[in-house]
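Colleague:
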DNA sequence: AGCACTTGGTCGATGTCGTCGGTCATGGCA
DNA sequence: TGCCATGACCGACGACATCGACCAAGTGCT
């Protein structure tokens with residue numbers, strides 16, 4: 001299904017998704033048309049979901065990053081989910097099992113902004129906020145084999 | 001510093017980082033050499049930290065995704081951090097303020113694997129695990145302006 | 001066993017794209 | 001005012017992606 005060569009290609013693209021087909025051909029030992037065909041199939045099958053870019057939020061003034069655990073008040077689950085989606089400063093959010101219904105990542109420019117945003121949520125939910133001090137593991141791929 | 005055109009470029013690359021310079025030129029209204037120069041500067045300044053790829057972990061058998069809060073036992077902070085980094089199934093980890101020292105994302109193939117991995121950690125830390133049921137907000141950019 | 005079909009690859013021609021040098025307009029600033 | 005730095009454009013050339021034709025290996029059917 002996904003063989004060694006596909007994994008080499010995925011790994012190479014993970015490192016730099018703007019690599020040319022020719023460069024990928026060199027890395028994988030195939031010709032560039034073959035690489036193009038493999039990428040097409042990986043996309044088609046949904047293994048490769050997209051090509052994207054990593055940016056530094058600090059460059060846009062987002063000095064603070066927080067992980068927020070969110071527990072909606074009774075009957076407010078839908079409303080809270082909608083609110084989170086509507087606040088663009090929430091850059092990711094998972095709905096999880098356990099007492100906390102949502103765990104979300106929040107980027108803000110200041111403590112004041114953090115306070116303001118969470119106050120908005122607090123009419124419909126309890127929140128628990130942890131400020132990110134450091135990121136010991138940057139986003140990476142789980143092992144493939 | 002970063003003007004409107006840079007933001008258009010970043011947004012376009014966020015959607016598809018394999019777009020050609022020519023395509024980016026069309027989107028931004030510049031010529032392709034100008035786009036190349038802007039990208040070069042954005043990289044140089046660290047705004048654009050890299051071009052990467054989104055893959056579907058399910059395609060590699062990772063059926064379960066969990067958010068794990070980790071509180072090292074007294075004196076075990078360094079050791080726990082090292083352990084997390086060494087376990088490739090942890091695909092991201094933040095060191096945060098509050099009772100929980102680390103919040104990490106874990107991809108596993110089964111409940112058994114989840115149990116095994118956390119048992120390894122539990123000799124040095126208390127953990128609190130929430131299984132991801134759904135992802136209401138996929139990774140996205142905070143507002144830029 | 002032999003044949004046809006499918007799958008996944010190479011090769012080479014062709015057109016598109018990126019890059020580089022040269023040039024020009026604009027906006028501080030001495 | 002005149003100079004320099006910045007950031008853009010243009011055009012030519014070399015690099016790259018794409019497409020069709022072809023080939024080899026594995027599979028299943030008669």
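Residue numbers (the UniProt record's numbering), protein chains in the order written: chain E, 1 to 145; chain B, 1 to 145.
Backbone N, C-alpha and C define an ideal beta-carbon position, used for all residues, glycine too.
1. Determine whether the Cβ of residue 17 of chain B lies closer than 8 Å to any Cβ atom of chain E.
2. How many Å lie between residue 34 of chain E and residue 142 of chain E at the Cα?
3. As an exercise, report each continuous beta strand (DSSP E) stretch of at least 3 residues that is fully enclosed by the stretch 72-98 of chain E, in chain order.
4. Suppose the cutoff is 6 Å on Cβ atoms and the five residues either side in sequence are ignored; what does the same chain contact list for residue 36 of chain B look like?
5. Take residue 65 of chain B as the anchor and find which of B:9, B:137, B:105 has the nearest alpha-carbon.
6. State the start and end residues of the unbroken beta strand (DSSP E) segment that holds residue 135 of chain B.
7. Since residue 48 of chain E is in the beta strand (DSSP E), which residue starts that stretch and which ends it?
8. In three-state DSSP terms, what is residue 41 of chain B?
9. Can you grab the Cα-Cα spacing for the pair residue 13 of chain E / residue 118 of chain B, in whole Å?
10. Residue 68 of chain B CB to nearest chain E CB: under 8 Å?
11. Quick one: list the residues of chain E neighbouring residue 133 of chain B, beta-carbon separation under 7 Å, in chain order.
12. What is the C-beta distance between residue 71 of chain B and residue 115 of chain B, in whole angstroms, given that I count them as a contact (C-beta under 8 Å)?
13. Does the beta carbon of residue 22 of chain E come closer than 8 Å to any beta carbon on chain B?
14. Could you spell out the range, first to last residue, of the beta strand (DSSP E) harbouring residue 106 of chain B?
15. Keeping to the same chain, check which residues put their C-beta closer than 6 Å to that of residue 68 of chain E; ignore five residues upstream and five downstream.
16. For residue 69 of chain B, which residues does DSSP report across the bridge?
17. When you compare each of B:86, B:138, B:108, B:121 to residue 131 of chain B by their alpha carbons, which one comes out closest?
18. Under the rule that 16 or more other beta-carbon atoms within 10 Å means buried, what is residue 135 of chain B, buried or exposed?
19. Please name the residue, chosen from B:25, B:83, B:47, that lies closest to residue 62 of chain E on a Cα-to-Cα basis.
20. Assuming residue 85 of chain B and residue 137 of chain E make a contact with CB atoms under 8 Å, what is their CB distance in whole Å?
21. Under the assumption that residue 54 of chain B contacts residue 49 of chain E (Cβ atoms under 8 Å), give the Cβ distance between them as a whole number of angstroms.
22. What are the boundary residues of the alpha helix (DSSP H) that residue 17 of chain E is part of?
23. Give the range of the alpha helix (DSSP H) segment to which residue 113 of chain E is assigned.
24. How would you call residue 44 of chain E, buried or exposed, if buried means at least 16 neighbouring beta carbons within 10 angstroms?
Modeller: A quick look at the data gives this:
1. Here residue 17 of chain B refers to the residue found at position 17 when the second chain is read from its first residue. Closer than 8 Å: yes.
2. Working through the first chain from its first residue, we reach residue 34 of chain E at position 34. Working through the first chain from its first residue, we reach residue 142 of chain E at position 142. Near 26 Å, if we compare the C-alpha coordinates of residue 142 of chain E and residue 34 of chain E.
3. At a cut-off of 3 residues, the continuous stretches assigned as beta strand (DSSP E) that sit fully inside the stretch 72-98 of chain E are 90-96.
4. For the purposes of this step, residue 36 of chain B is taken as the residue at position 36 of the second chain. Excluding residues within five positions, the ones whose Cβ falls inside 6 Å are 21.
5. Taking the first residue of the second chain as position 1, residue 65 of chain B is located at position 65. If you compare the alpha carbons of B:9, B:137, B:105 with that of residue 65 of chain B, the shortest gap goes to B:105.
6. In the second chain, residue 135 of chain B corresponds to position 135, counting from 1. Start and end: 125-137.
7. Working through the first chain from its first residue, we reach residue 48 of chain E at position 48. Bounds of the beta strand (DSSP E) holding residue 48 of chain E are 48-55.
8. For the purposes of this step, residue 41 of chain B is identified with residue 41 of the second chain, where counting begins at 1. Taken through DSSP and simplified to helix, strand or coil, residue 41 of chain B comes out as helix.
9. As a first step, residue 13 of chain E is located in the first chain; it is residue number 13 there, counting from the start. As a first step, residue 118 of chain B is located in the second chain; it is residue number 118 there, counting from the start. Each residue's alpha carbon lies about 31 Å from the other.
10. Position 68 of the second chain, counted from the start, is the residue given in the question as residue 68 of chain B. Judged by the 8 Å Cβ criterion, residue 68 of chain B is not in contact with chain E.
11. As a position in the second chain, residue 133 of chain B is number 133, starting the count at 1. Correct list: 95, 96, 97.
12. Residue mapping note: residue 71 of chain B aligns to position 71 of the second chain, counting from 1. Residue mapping note: residue 115 of chain B aligns to position 115 of the second chain, counting from 1. 19 Å between Cβ atoms; not a contact.
13. Residue numbering aside, residue 22 of chain E sits at position 22 when the first chain is read from its first letter. Interface with chain B (8 Å Cβ-Cβ cutoff): residue 22 of chain E is excluded.
14. As a working note, residue 106 of chain B is residue 106 in the second chain. Unbroken beta strand (DSSP E) run through residue 106 of chain B: 102-108.
15. Here residue 68 of chain E corresponds to residue number 68 of the first chain, with the count starting at 1. Sequence-distant partners of residue 68 of chain E (beyond 5 residues in either direction) whose C-beta falls short of 6 Å from its own C-beta, in its chain, are 104, 106, 127, 129.
16. Within the second chain, numbered from 1, the residue matching residue 69 of chain B stands at position 69. Answer is B:103, B:128.
17. Residue 131 of chain B sits at position 131 when you count from the first residue of the second chain. Of the residues B:86, B:138, B:108, B:121, the one whose Cα lies closest to the Cα of residue 131 of chain B is B:108.
18. Locating residue 135 of chain B in the second chain gives position 135, where the first residue counts as 1. Exposed: under 16 other Cβ atoms inside 10 Å.
19. Within the first chain, numbered from 1, the residue matching residue 62 of chain E stands at position 62. It is B:47 whose Cα lies nearest to the Cα of residue 62 of chain E.
20. As a first step, residue 85 of chain B must be located in the second chain, where it is residue number 85. As a first step, residue 137 of chain E must be located in the first chain, where it is residue number 137. Contact holds; Cβ gap of about 6 Å.
21. In the second chain, the residue the question calls residue 54 of chain B occupies position 54. In the first chain, the residue the question calls residue 49 of chain E occupies position 49. With a beta-carbon spacing of about 4 Å, residue 54 of chain B and residue 49 of chain E fall inside the 8 Å limit used to define contacts.
22. Counted from its first residue, the first chain places residue 17 of chain E at position 17. Per DSSP, residue 17 of chain E is not a residue of any alpha helix (DSSP H), being assigned neither H nor E.
23. By one-based count along the first chain, residue 113 of chain E stands at place 113. Taken as a continuous stretch (DSSP letters only), the alpha helix (DSSP H) holding residue 113 of chain E covers 111-122.
24. Against the first chain, residue 44 of chain E aligns to sequence position 44. Under the 10 Å beta carbon count, residue 44 of chain E is surrounded by fewer than 16 other beta carbons and is classified as exposed.
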